[in-house]
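Notes follow the structure.
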Amino acid sequence: MPGWLWLAALAGGVAAALLLYWLLVLTEGAYLGPGTVTALYNRAARRYDAIKQFDDDDEAYFLGRPIARFLAGQTSPAHSPPWLLDVATGTGRLPLAVLRSSAGGCRIVALDRSAAMLAQAQQKLAAQGWPDVVLLAHDASRLPFADSRFAVVACLEALEFMPAPAAALIELLRVVQPGGLLVTTNRIGRDAALLPGRVFSRARLAELLRSHGAASVEIMPWQLDYDLVFAVRQDQGAPSETASWTDLLRCPLCRAAPELASGPDLAVVCPRCCWRLELTQGLWQAERLRKSLQPASS
Ligand SMILES: C[S@@+](CC[C@H](N)C(=O)[O-])C[C@H]1O[C@@H](n2cnc3c(N)ncnc32)[C@H](O)[C@@H]1O
Ligand SMILES: [Zn+2]
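Everything in the sequence shown is counted per our numbering, starting at 1 for the first residue and increasing by one.
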């Protein structure tokens, strides 16, 4: 083989290796679709906390205490505790930070596409005395909830993994109640350059949030690679009272209110279409997603 062909083959190999490194390592499958992201997080779930090394004091300062203060302002003795939704909860970082700071002043639904990440969250929450957090294996792009139901909606370090981050952000705002709080993050710095189409400029992010119902938006530097975003939704009308977490649910396919199903397992079903959520080993999972959501290690 001529020398130039060897060189071309070598250059092609290096380019392919770099492309794979970017697709699988640097961007964690973000451009290969939610199924790949979920598979990678299922594999990494047991190592996630060791990699991230969260500091409890920092978590309380930036997340737990500000959110607990906000929730305290939303709580009234005449009403049941407000609802918090953490989307892409991972191993339960935000629920744990808020519960440690608020001493149970809210009810929490924690959603993630990775069942293995949720299994880690489940263990930690139970071990620290909060077994009542509702854990839901579901995709974030179409949340199975009615409009305007949550006093706080959070989504940390995850928008960049979604195929359409702006649409995902609008979907998060949809379920925030009037006067409620959205807490999210936006990649910045060197990492942002590796994620074209998945990050926002600060101006674009503020404009997007305002044009979809946020009355006030605060974007602050947080970590080397993330801004932290607090946005309060315009206060129009009173939030509705919800007794049980299943009252929050709406079918993500047709928007009907699901009903409790009879049978050996606890389940809710859409009366109009095929959508169904079932409780298995403490984890709510959509029937159609269950196969693709199984942890790789189980
Ligand atoms: C970097 S982790 C962040 C976890 C947690 N919020 C934290 O700050 O530690 C990203 C999480 O997003 C989840 N995720 C990615 N894409 C998702 C999607 N489309 N729907 C739901 N969860 C998703 C992953 O499974 C993973 O748990
Ligand atoms: Zn339906």
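Ideal Cβ placement from N, Cα and C applies to all residues, glycine included. Here the structure is a predicted model, which means the values were calculated and not measured.
Q | Residue interval of the beta strand (DSSP E) (run including ASP49) | A | As a working note, residue 49 is residue 49 in the sequence shown. Not the beta strand (DSSP E): ASP49 falls in the alpha helix (DSSP H), residues 34-52.
Q) So, are the CB atoms of VAL175 and LEU266 less than 8 angstroms apart? A) For this step, residue 175 is matched to residue 175 along the sequence shown. For this step, residue 266 is matched to residue 266 along the sequence shown. Contact: no.
Q | Stretch-stretch touch, CB-based, cutoff 8 angstroms, three pairs: the region 274-284 with the region 131-149 | A | In short, these stretches touch, since the Cβ pair count reaches three.
Q. On the premise that VAL199 lies in contact with ARG210, defined as a C-beta separation below 8 angstroms, what is that separation, rounded to the nearest angstrom?
A. Here residue 210 is taken as the residue at index 210 of the sequence shown, counted from 1. Here residue 199 is taken as the residue at index 199 of the sequence shown, counted from 1. That belief does not hold up - the Cβ atoms of ARG210 and VAL199 are roughly 18 angstroms apart, past 8 angstroms.
Q: Under 6 angstroms Cβ to Cβ from ASP147, same chain only, skipping five residues before and after it: list those, please.
A: If you number the sequence shown from 1, residue 147 lands on position 147. Once the five neighbours on either side are set aside, the close Cβ partners of ASP147 are ARG174.
Q: Would you list the one or two residues that DSSP bridges to MET1?
A: Within the sequence shown, numbered from 1, the residue matching residue 1 stands at position 1. DSSP output for MET1 lists no bridge partner at all.
Q. Is SER297 buried or exposed, if buried means 16 or more other CB atoms sit within 10 Å of its CB?
A. Taking the first residue of the sequence shown as 1, we reach residue 297 at position 297. For SER297, the predicted model reports a pLDDT of 47, less than 50, meaning its position is unreliable; a value from the coordinates is still stated below. With a 10 Å radius around the Cβ and a threshold of 16 neighbouring Cβ atoms, SER297 comes out exposed.
Q: Name the residue from PHE161, MET220, SER244 whose alpha carbon lies nearest to the alpha carbon of VAL109.
A: As a position in the sequence shown, residue 109 is number 109, starting the count at 1. Residue SER244 is the option with its Cα nearest to VAL109.
**Q.** Status (buried if at least 16 other CB within 10 Å, exposed otherwise) for ALA15
**A.** Here residue 15 refers to the residue found at position 15 of the sequence shown. Exposed, because fewer than 16 other Cβ atoms sit within 10 Å of the Cβ of ALA15.
Q: Go ahead and pull the three-state DSSP assignment for GLY263.
A: As a working mapping, residue 263 is identified with position 263 in the sequence shown. Correct three-state label for GLY263: coil.
Q: Taking 8 angstroms as the threshold, find out whether the region 110-129 comes into contact with the region 268-277 through three or more Cβ pairs.
A: no
Q) Can you tell me whether DSSP reads GLN123 as helix, strand or coil? A) Locating residue 123 in the sequence shown gives position 123, where the first residue counts as 1. The answer is helix: DSSP assigns GLN123 an H, G or I state.
Q. From ALA168, ALA164, ASP49, pick the residue whose C-alpha is nearest to that of VAL153; which is it?
A. Start at 1 with the first residue of the sequence shown, and residue 153 comes out as number 153. For the residues ALA168, ALA164, ASP49, the minimum Cα distance to VAL153 belongs to ALA168.
Q: Have a look at GLN53 and VAL229 and give me their C-alpha separation to the nearest angstrom.
A: Reading the sequence shown from its first residue, position 53 is the one you call residue 53. Reading the sequence shown from its first residue, position 229 is the one you call residue 229. Their backbone Cα atoms lie some 21 angstroms apart in a straight line.
Q: Using the Cα positions of LEU7 and ASP57, report the straight-line distance between them to the nearest angstrom.
A: Position 7 of the sequence shown, counted from the first residue, corresponds to residue 7. Position 57 of the sequence shown, counted from the first residue, corresponds to residue 57. Going from the Cα of LEU7 to the Cα of ASP57 covers about 53 angstroms.
Q. How is LEU20 classed by DSSP in three states: helix, strand or coil?
A. Translated into positions along the sequence shown, residue 20 becomes position 20. In this structure, LEU20 counts as helix in the three-state DSSP scheme.
Q | Candidates ALA116, LEU94, MET117, of which the one nearest CYS106 by Cα | A | The residue labelled residue 106 in the question sits at position 106 within the sequence shown. CYS106 has its Cα closest to that of LEU94, out of ALA116, LEU94, MET117.
Q. By DSSP, does THR280 sit in helix, in strand, or in coil?
A. Here the question's residue 280 lines up with position 280 in the sequence shown. Strand.
Q) On the three-state DSSP scale, how would you describe ASP56? A) For the purposes of this step, residue 56 is identified with residue 56 of the sequence shown, where counting begins at 1. Three-state DSSP puts ASP56 in a helix.
Q. Under three-state DSSP, which class holds ALA8?
A. Within the sequence shown, numbered from 1, the residue matching residue 8 stands at position 8. The answer is helix: DSSP assigns ALA8 an H, G or I state.
Q: Find out if the Cβ-Cβ distance for the pair ALA11, ALA88 is shorter than 8 angstroms.
A: Here residue 11 corresponds to residue number 11 of the sequence shown, with the count starting at 1. Here residue 88 corresponds to residue number 88 of the sequence shown, with the count starting at 1. No, they are not a contact pair.
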